[in-house]
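Novice: Going by full-length UniProt numbering, the first residue of the sequence shown is number 1, and it counts up by one from there.
The beta carbon of each residue, even a glycine, is placed where N, CA and C say it ideally should be.
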Amino acid sequence: MAVVEPGQRDVANVQGGGGSAMMGASSDPGTDDLAIVMPRMGGPEVLQTVHRPAPRPAAGGAVVRVEAAGVSFAEVQMLRGRYFMQPRFPFVPGYDLVGTVEAVGAGADAALVGRRVAALTQTGAWAERVALPTATLAPVPAGLESAEAVAAVTNGVTAWQMVHRSARVRPGQTVVVHGAAGGVGTLLVQLARRAGAAVIGTASAAKHDAVRALGATPIDYRAGDVPAQVRALAPRGVAAVFDHVGGPGLVDSWRMLGRGGVLVSYGSASTLHGTGHRLRPYLPIVGRILLWNLLPNGRRATFYFVQRWPKHFREDLATVLALLAAGEIEAHVARRLPLVRATEALALLDAGAVTGKVVLLPGDDAGEG
């Protein structure tokens, strides 16, 4: 693998890949492929552009030419060494992708070649091509633009499963969505409203118009005493709170619940700049959840992660993409940037400067929008 410093290009090639039989169009094994590497902890500026041999599909696998790759808060946490399932440095980041199957390995269905697919990769998607098991690929509906589709892969499945599997939101309920203008938050708002719930969304004042446009009632989390603001709108408490912040604020989220309500915790964004072991911020969350669930007060709490229901992932992703293709929900793409501008993309997300999903588009001539 030839490493190139940020902003530079290099055409060096290193041999690699196996000699597995392939079916379908494929690149020369010696062809350079572009990828982004996270070499160590630091800020977005440490990301490196590399050239590596084009991947070859393993038996039962496929090579996907990436058309769009998502940028998520998980990558921000990984860069700080704070992610719950932290990979070892160096690695290629990229939690999800949409692309076209370019080749398949022995034993895989040759009919997959040429089909557009989506995949949850957790790492590896920030590249021009990615080798994946075919069992991880989900079809993308015709006519759905790649950047919009990838904005609904991790974010959409996360939102769908929390609304329908974790909280089981029902018509007539009121729920709270923290970070209602974010990539997951915007989809949570839409799916909860589609399930018949009224939504209260926390966001900075600058993003309140965006939250209102989704049909939610915004409150400013910077204005102080968020539970009091929520209780003013829902005096008996709410049926569900979706909390990605964690930390001490988790107690506030618990206080917002009415009888029979559920707190769904799905992150610990508030502890991004903490110290100590990466799992340390999650221990108080787990402890509180265990304690709260023992209390006879009719409320409960749960911790969500995207691998919670692996058997349902492809089914739920297909449902979300179908809703997206039908125009029943919208996955807002905040920015489209070329893959080589991954540093800029991650910096935007790290600064909290966007509403919706930041998407990377492989190719130096990728457009911006």
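Using alpha carbons as the reference points, say which of Gly179, Arg170 and Asp209 lies closest to Arg193.
Specialist: Closest in alpha carbon position to Arg193, among Gly179, Arg170 and Asp209, is Arg170.
Novice: Which runs of the alpha helix (DSSP H), 4 residues or longer, sit entirely within the region 64-149?
Specialist: 73-79
Novice: Per DSSP, which one or two residues make a beta bridge with Gly232?
Specialist: What sits at residue 232 in the sequence shown is Ala, not Gly. BP columns for Ala232 are empty, so no partner.
Novice: Alpha carbon to alpha carbon, what distance is there between Leu317 and Trp254?
Specialist: 29 Å
Novice: Can you tell me where the beta strand (DSSP E) holding Gly260 begins and where it ends?
Specialist: Leu257 to Ser265
Novice: Shortest alpha-carbon distance to Ala205 belongs to which of Arg236, Gly185, Ala181 and Pro227?
Specialist: Ala181
Novice: Taking DSSP as the reference, what is the three-state secondary structure of Thr355?
Specialist: coil
Novice: Please report the straight-line C-alpha distance between Val14 and Pro53, rounded to a whole angstrom.
Specialist: For Val14, the predicted model reports a pLDDT of 29, less than 50, meaning its position is unreliable and no value from the coordinates is stated.
Novice: Please classify Val157 as buried or exposed, where buried requires at least 16 neighbouring CB atoms within 10 angstroms.
Specialist: buried
Novice: Quick one: is Asn155 buried, meaning 16 or more other Cβ sit within 10 Å of its Cβ, or exposed?
Specialist: buried
Novice: Taking the alpha carbon of residue 372 as the reference point, which residue from Arg308, Leu294 and Leu233 has its own alpha carbon closest?
Specialist: Nothing can be reported for residue 372: it is not among the residues displayed for the chain, which extend from 1 to 369.
Novice: Assuming Leu112 contacts Val150 under a Cβ cut-off of 8 Å, what Cβ separation, rounded to an integer in Å, is found between them?
Specialist: With 8 Å as the limit, Leu112 and Val150 do not qualify as a contact, their Cβ atoms being about 19 Å apart.
Novice: Determine the DSSP secondary structure at Ile289, reduced to helix, strand or coil.
Specialist: helix
Novice: Suppose you measure from the CA of Leu250 to the CA of Ala240; what does that come to, to the nearest Å?
Specialist: 13 Å
Novice: Starting from the C-beta of Ala351, find all residues in its chain whose C-beta is less than 7 Å away, skip the five residues before and the five after it, and write them out in chain order.
Specialist: none
Novice: Under the assumption that Val92 contacts Val64 (Cβ atoms under 8 Å), give the Cβ distance between them as a whole number of angstroms.
Specialist: Rounded, the Cβ-Cβ distance is 14 Å, inconsistent with contact.
Novice: May I ask you to report which of helix, strand or coil DSSP gives Val44?
Specialist: Looking at the sequence shown, residue 44 is not Val but Pro. Three-state result, Pro44: helix.
Novice: Going straight from the alpha carbon of Ala147 to that of Trp126, what length do you get?
Specialist: 13 Å
Novice: Using the beta-carbon count (16 or more within 10 Å), is Arg129 buried or exposed?
Specialist: So Arg129 counts as buried.
Novice: Looking only at its chain, what residues have a beta carbon closer than 8 Å to the beta carbon of Val189, apart from the 5 residues adjacent to it on each side?
Specialist: Val177, Ala180, Val199, Gly201, Val211, Leu214, Gly215 and Ala216
Novice: From the DSSP output, in three-state form, read off His51 for me.
Specialist: strand
Novice: Tell whether a beta-carbon distance below 8 Å holds between Val359 and Gly70.
Specialist: yes
Novice: Specify, as a first and last residue, the run of the alpha helix (DSSP H) that Asp350 falls within.
Specialist: Taken as a continuous stretch (DSSP letters only), the alpha helix (DSSP H) holding Asp350 covers Ala342 to Asp350.
Novice: In the DSSP output, what is Gly201 paired with across the bridge?
Specialist: According to DSSP, Gly201 shares a beta bridge with Val177 and Pro218.
Novice: Near Val184, what residues of its chain come up, given a Cβ to Cβ distance below 6 Å and the 5 sequence neighbours on each side ignored?
Specialist: Asn155, Thr158 and Ala159
Novice: Might you give, ordered along the chain, the residues of its own chain that have their beta carbon closer than 6 Å to the beta carbon of Asp220, omitting 5 neighbours on each side?
Specialist: Ala205
Novice: Where does the unbroken alpha helix (DSSP H) through residue 372 begin, and where does it stop?
Specialist: As displayed, the chain neither begins before 1 nor continues past 369, which places residue 372 out of reach and without an answer.
Novice: Can you tell me whether Pro248 is buried or exposed? The criterion is at least 16 other CB atoms within 10 Å of its CB, across all chains shown.
Specialist: exposed
Novice: Of the choices Ala152, Ala325 and Arg335, whose alpha-carbon is the least far from that of Ala118?
Specialist: Ala152
Novice: Could you check the C-alpha separation between Gly16 and Arg88 for me, to the nearest Å?
Specialist: In this prediction, Gly16 scores a pLDDT of 30, lower than 50, which makes its location untrustworthy; no coordinate-derived value is stated.
Novice: When you compare each of Gly107, Arg335, Val262 and Met41 to Leu295 by their alpha carbons, which one comes out closest?
Specialist: Val262
Novice: So does Ala318 have its beta carbon nearer than 7 Å to some heavy atom of the ligand MG?
Specialist: Summarising the ligand content, the structure contains no ligands, and the ligand MG is consequently not present.
Novice: So the alpha helix (DSSP H) Val211 belongs to, where does it begin and stop?
Specialist: His208 to Ala213
Novice: Determine the contact status of Pro90 and Pro39, defining contact as a CB-CB distance below 8 Å.
Specialist: For Pro90 and Pro39, yes; Cβs fall inside 8 Å.
Novice: Mind checking Met162: buried by the 16 CB within 10 Å criterion, or exposed?
Specialist: buried
Novice: Here's the rule I'm using: 16 or more other beta-carbon atoms within 10 Å means buried, otherwise exposed. How should Leu191 be labelled?
Specialist: buried
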